[in-house]
Structures are given as C-alpha cells and as structure tokens.
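Numbering (the UniProt record's numbering), first residue to last: 1 to 346. Read the structure below first, then the notes.
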Ligand code: GDP
Ligand code: CA
C-alpha cells in the first residue's frame, strides 16, 4: 500500500509514528511543510522536517516534542553573550549540527529535497520524506503589536522578523507589522490576533521532485491532525499539489486536530480565525471541502459534528483521536485507513 501523508511538525510526526506501527509494510511518502523554515545565525532551520525526522528516527525530545533528546544549549548561551539573538527560538547544541550540515549542503548547490534525503540517511525515519518544495517559502503573519513590544519600535534588532510597517499604519494603539510565523508562534505565543497568514513565495514555488509523482502513485492520501492553516494549508498552497490530490482518484482522509472545539496542543485557533474558520472539527472539514476530502475523523467528544460534515459531502466517523501513546495513535491510523476503504468502494 502506498500512502502519502502531508505533514506539519509535532501532530504530523506523532501520527506518522502510529501509522508506521499500524501498517509496517506500507510504503509511506511524507510531504513536509517548509513554510515554518527560518534563517537563524546564518543557518537554514526547517523545524517541521526536523520534527518528523527526529521523531521517526528516535532522536526527538519526547517531552518537548521538538529538538534533540539529551540536549544542551551552550552554543546559544555563547551567542547571547555576544548579544546575538533571537533568544526566543530554541536551538540546542546537538540540533545545531543538523542545521550546519543542511546549510553547508545548500551552499554547495544541493536542493533542499536532496539535503533532506541525506539527513534522513542518518535518521532512517522509515518513510520517504520530501519537502513540499525546494523553493523558499516562508509563512508570515500580519499582526498589531502592542505599544512597548520590543518589535514594535522603529528597529526590532531581533534579526529574524520579516518586519515591515506599512506606511501610515502606526496610528492609534499598536503597530501593524508583518512578522515571520516563528516570531508569531514562538516569541508571541500567538498572544495577539493573526490578521492575515501569508505563505510568502508559495505562489511561485514548484513542488519538489517526487511530490506530484508520489501523489499520482498513491493508494491513499492522509491529512494527519496537523495545523490546517500553517502546516497542511501551506503545503496545499504550492501550485499543483492541491490539484494533484483532488485529481489522484484515491481516497483522501483527514483527522481533526481540533477536539472539543479547541486545538489539542498549540494555538491553531488563532490562525484558523485569520482565515475565517471556526475552531471546530466540522469547520475545518468544510474548510478543506468535499472537493479535496473524502473522509474525516472527528474525536468521540465531537460526535455531534458528524451529521453536519456528512451533509457537506464528506464521510465522517467519530473515534478517539488523542495521540496519548503509539498504540492509541496506531488505532487512529487504522480507523483512517478503514474509512479510506469505505469511501473507495462508494
Ligand atoms: P506543528 O508544526 O508542530 O505545529 O505540528 P502540526 O502542524 O503537525 O500539528 C499541530 C496540530 O496537532 C495542533 O493543531 C494540535 O491541535 C494537533 N494535535 C496535537 N496532538 C494531537 C492529538 O493527540 N490529537 C489530535 N487530534 N490532534 C493533535
Ligand atoms: Ca510547524
């Protein structure tokens, strides 16, 4: 069975671990989100690709859900002693090695997809992982920063923001700015509303080699409980990917990252609001739409959503969707594959 999974970071990675346990012999291709990528300290950091690679390769810090196990942060401390930041982004000493290798290979002319393959040679994640694109795509978020925010002043000094203040927008309270997604998510913890979420560069990006081929050859396509806007939404924003999925002629089944009208982890509600989508399991299903999704799993606590989703033309089941451990996650993966078989035969 050839399975294609579109994945963000933690939600995608944990789901993939369960999927591998559920179907050990399946041929799994992961199309990874690179909209979270950021240049820090001269290095190219790909947080979502690394979270998947470390999680499946056994190198992840289980408690944090990102970064390396047994990590130390001495390099970052030394940089801070020079006044070099940003301090808000956690980069550990062991993790730094990955970014150095990646940056070196990119500088030598290898595309990100080849670099990712080389990094995965070490980690052996047991899946084929392809970045959504080899081109640069960076998710930016428009926000109004409260007066007094370090980035609201005339010079941000953080070095990582995508900051640009549209002329005349500083009137009233707060300063309207466009910042990098990581600054919004990690530094601000999504504490101010996201007024717009823009995958900068996506429109000009091409799917990485192998992405469209994997989709065309898939027997089933899964959307794990990843962020619908800044993870899966970004992947779908690369021209050609959404169309290829819709036209693949195979079941497309997703699992809701929203349980009980709230994200299980993180602040997905903030970026859903930016695209006008309610933080409910049914609203996310309708956001993807029946043109894309054939099946959708909601958690048992959201069983009342099922009827509404089915009325929208998407086959829906309510099953436990908490990835508490790998066995529970494997059961979710089996449910998703069972729903795929159900919609395949209609
Ligand atoms: P990120 O890139 O690290 O933010 O990770 P993803 O985009 O892959 O996934 C984030 C989403 O996973 C969040 O919106 C969470 O609500 C969702 N999530 C995390 N853990 C669980 C879980 O156990 N069950 C479900 N259904 N969703 C989860
Ligand atoms: Ca992410």
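Cβ atoms here follow ideal geometry from the backbone N, Cα and C, with glycine treated the same way.
Count the other CB atoms within 10 Å of the CB of residue i; is the residue buried (16 or more) or exposed (fewer)?
{"i": "residue 333", "result": "buried"}
{"i": "residue 347", "result": "As shown, the chain starts at 1 and ends at 346. That puts residue 347 outside it, with no answer to give."}
{"i": "residue 204", "result": "exposed"}
{"i": "residue 42", "result": "exposed"}
{"i": "residue 341", "result": "exposed"}
{"i": "residue 251", "result": "buried"}
{"i": "residue 143", "result": "buried"}
{"i": "residue 317", "result": "buried"}
{"i": "residue 82", "result": "exposed"}
{"i": "residue 74", "result": "exposed"}
{"i": "residue 325", "result": "exposed"}
{"i": "residue 345", "result": "exposed"}
{"i": "residue 48", "result": "buried"}
{"i": "residue 84", "result": "exposed"}
{"i": "residue 289", "result": "exposed"}
{"i": "residue 86", "result": "buried"}
{"i": "residue 335", "result": "buried"}
{"i": "residue 185", "result": "buried"}
{"i": "residue 146", "result": "exposed"}
{"i": "residue 337", "result": "buried"}
{"i": "residue 95", "result": "buried"}
{"i": "residue 109", "result": "exposed"}
{"i": "residue 189", "result": "exposed"}
{"i": "residue 88", "result": "exposed"}
{"i": "residue 50", "result": "buried"}
{"i": "residue 218", "result": "buried"}
{"i": "residue 67", "result": "buried"}
{"i": "residue 107", "result": "exposed"}
{"i": "residue 281", "result": "buried"}
{"i": "residue 22", "result": "buried"}
{"i": "residue 213", "result": "exposed"}
Taking 9 Å as the threshold (C-beta atoms), are residue j and residue i in contact?
{"i": "residue 244", "j": "residue 211", "result": "yes"}
{"i": "residue 72", "j": "residue 90", "result": "no"}
{"i": "residue 314", "j": "residue 4", "result": "no"}
{"i": "residue 283", "j": "residue 292", "result": "no"}
{"i": "residue 260", "j": "residue 297", "result": "no"}
{"i": "residue 237", "j": "residue 202", "result": "yes"}
{"i": "residue 102", "j": "residue 151", "result": "no"}
{"i": "residue 2", "j": "residue 25", "result": "no"}
{"i": "residue 234", "j": "residue 129", "result": "no"}
{"i": "residue 38", "j": "residue 6", "result": "no"}
{"i": "residue 127", "j": "residue 20", "result": "yes"}
{"i": "residue 329", "j": "residue 59", "result": "no"}
{"i": "residue 256", "j": "residue 269", "result": "no"}
With DSSP as the reference, identify every bridge partner of residue i, one or two as the case may be.
{"i": "residue 31", "result": "6 and 130"}
{"i": "residue 20", "result": "Answer by DSSP bridge pairing: none, since residue 20 is not bridged."}
{"i": "residue 318", "result": "298"}
{"i": "residue 176", "result": "144"}
{"i": "residue 252", "result": "221"}
{"i": "residue 139", "result": "199"}
{"i": "residue 228", "result": "DSSP output for residue 228 lists no bridge partner at all."}
{"i": "residue 68", "result": "60"}
{"i": "residue 40", "result": "43"}
{"i": "residue 262", "result": "259"}
{"i": "residue 207", "result": "133"}
With distance defined between alpha-carbon atoms, name the residue in the options nearest to residue i.
{"i": "residue 310", "options": "222, 286 and 187", "result": "286"}
{"i": "residue 121", "options": "98, 107, 297 and 83", "result": "98"}
{"i": "residue 232", "options": "23, 33, 127 and 4", "result": "33"}
{"i": "residue 174", "options": "149, 262 and 180", "result": "149"}
{"i": "residue 57", "options": "125, 218, 276 and 151", "result": "125"}
{"i": "residue 35", "options": "178, 182 and 103", "result": "182"}
{"i": "residue 70", "options": "80, 85 and 54", "result": "54"}
{"i": "residue 331", "options": "61, 1, 6 and 15", "result": "15"}
{"i": "residue 294", "options": "184, 248 and 321", "result": "248"}
{"i": "residue 64", "options": "265, 21 and 138", "result": "265"}
{"i": "residue 180", "options": "312, 206 and 139", "result": "139"}
{"i": "residue 275", "options": "141, 87 and 256", "result": "141"}
{"i": "residue 322", "options": "177, 105, 217 and 258", "result": "258"}
- Message: For the structure I just gave you, are there three or more beta carbon pairs, one from the segment 4-12 and one from the segment 217-232, closer than 8 Å?
- Response: Yes, the segment 4-12 is in contact with the segment 217-232.
- Item | Three-pair Cβ contact test at 8 Å for the segment 191-202 versus the segment 296-304 | With a cut-off of 8 Å, the segment 296-304 and the segment 191-202 do not count as touching, because too few Cβ pairs lie within range.
- Message: Could you check whether the segment 131-151 touches the segment 108-120, counting it as contact only if at least three pairs of C-beta atoms, one from each stretch, sit closer than 8 Å?
- Response: The segment 131-151 vs the segment 108-120: in contact.
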